[in-house]
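Notes follow once the structure below has been shown.
In the working numbering, the protein residues as written are 361 to 491.
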């Protein structure tokens, strides 16, 4: 027997007062120099997708966004975003409540069990946030 719990209504309720703008990478990647960023994203408002979904700080006591290194653990992101749509790594998210642009670094797919995706966001110094 499979377990399924649709949380898309909960995400809609918690994200009701939050507005974020989302830009997917263009797919036509280019590098200005070797080792440079490869995801060109047009951040114009007409290319932005407006979403109302929750974005929360990552809890340092959670295993989400944590990697184990010698001497302890280290957080790999600043925020977590819960969405009902799928986006690739490298997607840029403007979180107005957090005053800037963030980049999707990793994500977890809970769609088969609960109709949502969990994204780890970190500051994007290429577009204005150096964290």
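Glycine residues also receive a C-beta, built at the ideal position from the N, C-alpha and C atoms.
Rounded straight-line distance, which links the Cα of residue j to that of residue i
i, j, result
"residue 472", "residue 444", "12 Å"
"residue 369", "residue 401", "30 Å"
"residue 418", "residue 440", "6 Å"
"residue 375", "residue 457", "12 Å"
"residue 474", "residue 405", "31 Å"
"residue 330", "residue 363", "There is no way to answer for residue 330, as the model of the chain reaches only from 361 to 491."
"residue 413", "residue 386", "22 Å"
"residue 459", "residue 483", "11 Å"
"residue 415", "residue 438", "10 Å"
"residue 451", "residue 377", "22 Å"
"residue 481", "residue 403", "17 Å"
Which residues DSSP lists as bridging residue i, in chain order
i, result
"residue 380", "411 and 455"
"residue 468", "478"
"residue 385", "In the DSSP output, where bridge partners are listed per residue, residue 385 has none listed."
"residue 463", "452 and 482"
"residue 443", "477"
"residue 325", "Since the displayed the chain opens at 361 and closes at 491, residue 325 lies outside it and no answer follows."
Nonlocal neighbours in the same chain, by C-beta distance under 7 Å from residue i, ignoring five residues either side
i, result
"residue 476", "367, 368, 371, 442, 443, 444 and 470"
"residue 379", "410, 412 and 456"
Proximal residues to residue i (C-beta, below 8 Å), its chain only, five neighbours per side dropped
i, result
"residue 447", "382, 384, 464, 467, 477 and 479"
"residue 408", "381, 382, 383 and 454"
Chain-order list of residues whose beta-carbon lies under 6 Å from that of residue i (same chain, five-residue window excluded)
i, result
"residue 454", "381 and 461"
"residue 365", "474"
"residue 449", "464"
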